[in-house]
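Chemist:
Listed below in structure tokens is the structure:
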């Protein structure tokens, strides 16, 4: 009997099986754009993969779209920054449990000429009212992202009906944070952005931070395992391994050590 004739297919089968197992050791992370655009994942994920052997494929979209994708079962873990929407995601049976993972803050940026005279203010509501009263351009993402949700809440708190101003001084881009900042800089408009994206943004020109430092600009990020009871294809073991790592001492330290230009972009606060 020619053993070699049988050995080759057996070896091929073993290689195919090993390849399949390697492919299975991966997860899909549905994520907000700020964590990807800031370069945080480029810093974090190689550390996690080296330790666990699990590859993380990031789908970076606005928070609203990331939640929708996860609701459809198109992911294993959700990492976004809109707490009320995250809590609803869990309450409605799409996620197992929500955990705080890190935070930074939102800021309002604008042109150095400061036509609305808001530079240096800490009262966000008052600053937004002044921008609206002056009728100077404000560029909004308008995309149901976590940043857009925060911006809408801030306008409501300021008592400004931006829906009625849409298309005049209030401009909705329907785009991500980087594209919206490009629009803002191009047209001399104010904009709300998370600080991490602003630090990493390359096209600031002479733009400055106009408003910062108030409690209502706090920006909390949460992480959730998509519920495998709802979507059986969820890789619960691998997804939970990622969550345990990012909430643990090593993951939290990795978040804290990520800096650009000497500035820390995110601050770990897992409990």
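In the numbering used here, the protein residues as written are 5 to 275. Where is the CB? At the ideal position from N, CA and C, for every residue including glycine.
1) Which residues mark the beginning and the end of the alpha helix (DSSP H) in which residue 155 is found?
2) Kindly give me the distance between the Cβ atoms of residue 70 and residue 35, rounded to whole angstroms, as I take these residues to be in contact under 8 Å.
3) Report the rounded CA-to-CA distance for residue 40 versus residue 136, giving the unit in angstroms.
4) Could you give the DSSP three-state label for residue 250: helix, strand or coil?
5) DSSP on residue 87, reduced to helix/strand/coil?
6) Within this structure, are the beta carbons of residue 193 and residue 122 separated by less than 7 Å?
7) Confirm, please, whether the CB-CB distance from residue 143 to residue 175 is below 7 Å.
8) Three-state secondary structure (DSSP) at residue 233?
9) How long is the line joining the alpha carbons of residue 47 and residue 164, rounded to whole angstroms?
10) Could you have a look at residue 269 and say whether DSSP puts it in helix, strand or coil?
11) Under the rule that 16 or more other beta-carbon atoms within 10 Å means buried, what is residue 246, buried or exposed?
12) Please work out which residues of its chain come closer than 8 Å, Cβ to Cβ, to residue 148, disregarding the five sequence neighbours upstream and downstream, and give them in chain order.
13) Taking the alpha-carbon positions, what's the residue 90 to residue 107 distance?
14) Suppose the cutoff is 8 Å on Cβ atoms and the five residues either side in sequence are ignored; what does the same chain contact list for residue 139 look like?
15) Measure the beta-carbon distance from residue 162 to residue 132 and round it to whole angstroms, keeping in mind my assumption that it falls under 8 Å.
16) Answer yes or no: do residue 56 and residue 269 have a C-beta to C-beta separation smaller than 7 Å?
17) With a cut-off of 8 Å, do at least 3 Cβ pairs link the segment 255-262 to the segment 88-104?
18) For chain E, find out if any of its Cβ atoms is closer than 7 Å to the Cβ of residue 193; answer yes or no.
19) Select from 84, 222, 100, 58 the residue whose C-alpha is nearest the C-alpha of residue 236.
20) Output the distance between the C-alpha atoms of residue 44 and residue 30, rounded to the nearest integer angstrom.
21) If I measure Cβ to Cβ from residue 210 and keep anything under 8 Å in the same chain, skipping five residues before and after, which residues do I get?
22) Near residue 260, which residues of its chain fall below 6 Å by C-beta distance, leaving aside the five closest residues on each side in sequence?
23) Skipping 5 residues on each side, what residues in its chain have a beta carbon closer than 7 Å to that of residue 1?
24) Apply the 10 Å Cβ neighbour rule to residue 26 and answer buried if 16 or more other Cβ atoms are within range, or exposed otherwise.
Modeler: Judging by the given coordinates:
1) 150-162
2) 6 Å
3) Each residue's alpha carbon lies about 31 Å from the other.
4) helix
5) helix
6) Cβ distance not < 7 Å, so residue 193 and residue 122 don't count as in contact.
7) Taking 7 Å as the cut-off, the Cβ atoms of residue 175 and residue 143 count as close.
8) coil
9) 39 Å
10) coil
11) buried
12) 66, 67, 68, 69
13) 15 Å
14) 172, 173
15) 4 Å
16) no
17) no
18) The structure shown contains no chain E; it holds only a single protein chain.
19) 100
20) 19 Å
21) The residues are 115, 116.
22) These residues qualify, in order along the chain: 272.
23) Here the chain covers residues 5 to 275 and nothing more, so residue 1 does not appear.
24) Summary for residue 26: the model assigns pLDDT 47, below 50, so the residue's position carries little reliability; its value from the coordinates is reported in the next sentence. It counts as exposed.
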